[in-house]
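The block underneath contains the structure these notes are about, expressed in structure tokens.
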Amino acid sequence: MKVFTIDKKEWALGIEKAKSAYQVLGPVKEKEWHCFKALGKDEQPDMTYTNTRLSPKFLVQPQTEPMFTYTLDESRPDHHILKEVQEDVCPKAVIGIRPCDAAAFLLVKRNFDAPQYQDPYWLKAYNSMTFVGLACNDPCPTCFCTSAGCGPFHEAGLDVLLVDSGDRFLAKSLTDKGIALLAAAGWNSLADDAGKIEAMKQAAESRIASRISTDRLKAKETTHIYDAPFWEDTAFSCINCGTCTYSCPTCWCFDIQDENRGNTGVRLRNWDSCMFPLFTMHGTGHNPRGAKMQRVRQRFMHKLKYYVDKYDNGIQCVGCGRCIRLCPVNIDIRKVCNQMNDYDPAACVCPA
Amino acid sequence: MSGYQDKIKEVALRLLKDGSVDMVIGFRKGTLPMMNEPCFIRRPEDVHQLVWDSNCGINLANYLTDRKEKIAVVAKGCDSRNIVTHIIENKIKRENLHIIGVPCQGMVDKRRIISEFGDTLLDVADDGENLKIKIHGSEKSLKKTDVLQSNCAACIHRNPVLFDELAGELVPEQAGVDRYAEVNRVEAMSPQEKWQYFEDLLSPCIRCYACRNACPLCYCPTCFVDESRPQWVGKSQDPIDIRTFHFLRAYHCAGRCTDCGACERACPVGIKVRQFTSKLNKDAFEMFGWEAGMTLDERPPLDTYKPNDPNDFIK
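Protein chains in written order, with the numbering used here: chain A, 1 to 352; chain B, 353 to 667.
Pasting the structure below:
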């Protein structure tokens, strides 16, 4: 692990150099908000951005992803045979991703890269990427990463951590992939003030005023929280849209659909959301999560209890705050998490 | 504004105490600047949670659908018109409602303020006339009437049309506003320009259905986009399917939409969803002289037949 210094005057040149070895992706302002895009020649990532509107999870798990194609034309020898769609696995450099969004991929990876099953689509895309994170000097008021197992200078999930230090970036290489990218960009001047990063990290962390408590989630009896009376109140305002799940960097659920046009078709994988009634609708017409409250409860139980129990490695949330900022009716995961963490069935006095 | 709030609390307390309603549906203070959360209050001791300010844009008629309890509901002009529509469409019974009408002076366009000041905005204080915006190290004051939601700025039905009691004096209705300026602008475009405009408008859509779900009109047990046998609409990001959803939803709202702006307010990616419904509102007004939700005594034009219905479209 080394810390390099990159003069901002040399930054654009390095990005251009990196483009000869990588497809370079970075935050770009489109309409009102920032989004990750593949950068063309002379296009630069906007390193002054705060955060992308939606999470960059789509880089690895696109909202719509073709998996197979097929023909139904029986005169063709390959009819009714699924043919794999070739994925674009060229090396990609994701420049300026926020540490929380990169850490989110690691939480999701536990699902897509489990000992028993590996998801080839997700893994191929993920492994093709080198993540160059941009530390948050100015976290948003809705960021609660430091109490969600993450942080504004969090390194896990990144290959390089960049720290904006005025007229230059400090670049900390964290993996071999990161070293390779820095070399490809020609950023090779060692910094003589690497210690500065630690001070900036502490300053940024101290700016995060928003916190959640998760310490008691694991020990709680699942059925106690499941049956807690606060869910009715929590769920009341929810309109069951997919905003929280679709903006979340750690929500991974999907649905597989075949779409035919004429005699040809494609098998697609689309994002899906546990907020939608159709998500759990059985072929019989029975819906085990037919009521809104059950769906709201499921989302929070999954992130804050089932995931915690299954992997014993923290909550399924990195504290990016997107669901809080974007929820049309102000359902706030911080509040719900604290309610779950504090819930004591013995102390509960239910309204008559 | 605080007068409204006190009155709402007073009425809610009385109704809960004397048992004339089972619950009061209103707003409580949110956890973010410019956000209040719809809530229900069942116990007199919780009435203090109720708030009212210019961040109560969510349409509370949406929370009444098919409810069987006796409910008191806080309703500004547009909410009251959607309650009328709900009653006409048998989604709620008039006798189960106690409507606390709130004469409205418009809701603040939170999206506009966030897009100007960024996600690092710390606080927005509302003194009735002005908003004080606090960001790191600085403060700025904005005149509230300059930052209203676009539907509120052009609203001519601020006073509730149906209520049991009022939370404040009726307000003067706005005159001389051009409600259809945006529609006229799009109508003047060439077909190619329109195509490009709509394609661009819908390009950020992620199909979260927040627009549909925030809308009190969208109460179908199964929305056409969720039907699976047969499946009318594909589920991917195919622009044809995205357009189909938005266009069809808008048509389902024709002659029913009150232009409350809930759809636009809910959209996480800033799509001007009202572009579609406004056009149909204009058509309903021009063809049938109809504005949705103004009276309990008349059926909406598209669910009834009259011999003098316009038929100029038959050429």
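Note that beta-carbon positions come from the ideal geometry of N, C-alpha and C, so glycine has one too.
So with CB distances below 8 Å, who are the chain D contacts of residue i?
i        : result
B:Leu367 : Protein chains in the displayed structure are A and B, and chain D is not among them.
Within 10 angstroms of the Cβ of residue i, are there 16 or more other Cβ atoms? Answer buried if so, exposed if not.
i        : result
B:Arg537 : exposed
A:Ala352 : Residue placement at A:Ala352 is poorly supported in this model, since its pLDDT is 44, which falls under 50; the coordinates still yield a value, given next. Exposed: under 16 other Cβ atoms inside 10 Å.
B:Glu616 : buried
B:Trp547 : exposed
A:Gly195 : exposed
B:Ala614 : buried
B:Tyr415 : buried
A:Ala114 : exposed
B:Phe668 : Because chain B in this structure spans residues 353 to 667, residue 668 of chain B falls outside the shown range and cannot be described.
A:Tyr307 : buried
B:Arg559 : buried
A:Ser55  : buried
B:Asn503 : buried
Grouping DSSP H, G and I as helix and E and B as strand, with all else coil, what is residue i?
i        : result
A:Ser75  : coil
A:Pro124 : Residue identity differs from the one stated: residue 124 of chain A is Lys in this sequence, not Pro. It is helical.
B:Leu648 : coil
A:Ala352 : Confidence is the limiting factor: at A:Ala352 the pLDDT is only 44, short of 50, which leaves the residue's position unreliable and the question unanswerable from this model.
A:Met47  : coil
A:Leu162 : strand
A:Gly178 : helix
B:Pro390 : strand
B:Gly517 : Here residue 517 of chain B is Glu; the residue named in the question, Gly, does not match the sequence. In this structure, B:Glu517 counts as strand in the three-state DSSP scheme.
B:Ile666 : coil
A:Tyr226 : helix
A:Phe58  : helix
A:Thr146 : helix
B:Ser555 : coil
A:Thr52  : coil
A:Ser20  : coil
A:Met354 : Residue 354 of chain A lies beyond the residue range present for chain A, which begins at 1 and ends at 352; the question has no answer from this structure.
B:Met541 : coil
A:Lys83  : strand
A:Phe300 : helix
A:Asn263 : coil
B:Tyr561 : coil
When you compare the CB positions of residue i and residue j, do they come within less than 8 Å of one another, or not?
i        : j        : result
A:Ala171 : A:Ala103 : no
B:Lys473 : B:Pro582 : According to the sequence as given, residue 473 of chain B is Leu; it is not Lys. The answer is no: Cβ separation not under 8 Å.
B:Ile393 : B:Ala364 : yes
A:Tyr117 : A:Val60  : no
A:Val336 : A:Phe300 : yes
B:Trp404 : B:Val454 : yes
A:Asn240 : B:Met387 : no
A:Cys140 : A:Ser247 : no
A:Leu123 : A:Thr250 : no
A:Gly151 : A:Glu205 : yes
B:Ser432 : B:Pro524 : no
A:Asp167 : A:Asp7   : yes
B:His400 : B:Ala424 : no
B:Asn407 : B:Lys495 : no
B:Ile623 : B:Cys557 : yes
A:Ala93  : A:Thr52  : no
A:Trp252 : A:Arg297 : no
B:Pro568 : B:Gly607 : no
B:Gly641 : B:Gln501 : no
B:Glu517 : B:Ile440 : no
A:Val163 : A:Ile197 : yes
For this session: Determine which residues of the region 230-241 of chain A have a Cβ less than 8 Å from any Cβ of chain B, and write them out in chain order.
Result: Asp233, Phe236, Ser237, Ile239, Asn240 and Cys241
For this session: Could you please tell me which residues of the region 309-330 of chain A, in chain order, have their CB closer than 8 Å to any CB of chain B?
Result: Ile324, Arg325, Leu326, Pro328, Val329 and Asn330
Problem set entry | Stretch pair the region 307-318 of chain A + the region 125-137 of chain A: three plus CB contacts closer than 8 Å | no
Exercise. Between the region 468-483 of chain B and chain A, which residues of the former have CB atoms less than 7 Å from a CB of the latter, in chain order?
Worked result: Gly470, Asp471, Thr472 and Leu474
Exercise. According to a CB-to-CB cut-off of less than 7 Å, which residues of the region 581-593 of chain B neighbour chain A?
Worked result: Flagged, chain order: Gly586, Lys587, Ser588 and Gln589.
Exercise. Okay, do the region 203-216 of chain A and the region 529-545 of chain B touch, 3+ Cβ pairs below 8 Å being the bar?
Worked result: no
For this session: Pull out every residue of the region 129-141 of chain A whose Cβ sits closer than 7 Å to any Cβ of chain B, in chain order.
Result: Asp138, Cys140 and Pro141
Problem set entry | chain A contacts from the region 372-392 of chain B (Cβ-Cβ distance under 8 Å) | Gly382, Thr383, Leu384, Met387, Asn388, Glu389, Pro390, Cys391 and Phe392
Problem set entry | Inter-stretch contact at 8 Å, needing at least 3 Cβ pairs: the region 5-20 of chain A / the region 62-79 of chain A | no
Exercise. With contact counted as at least three CB pairs below 8 Å, one residue from each stretch, are the region 548-566 of chain B and the region 579-596 of chain B in contact?
Worked result: yes
Exercise. Using a beta-carbon distance cut-off of less than 9 Å, what residues from the region 13-33 of chain A approach chain B?
Worked result: Within the region 13-33 of chain A, the residues whose Cβ lies closer than 9 Å to some Cβ of chain B are Glu30, Lys31, Glu32 and Trp33, listed in chain order.
For this session: Please name the residues in the region 594-621 of chain B whose beta-carbon is closer than 9 Å to at least one beta-carbon of chain A, in chain order.
Result: Ala614, Arg617, Ala618, Cys619, Pro620 and Val621
Exercise. If contact means a Cβ-Cβ distance below 8 Å, which residues of the region 532-561 of chain B contact chain A?
Worked result: Residues Pro556, Ile558, Arg559, Cys560 and Tyr561.
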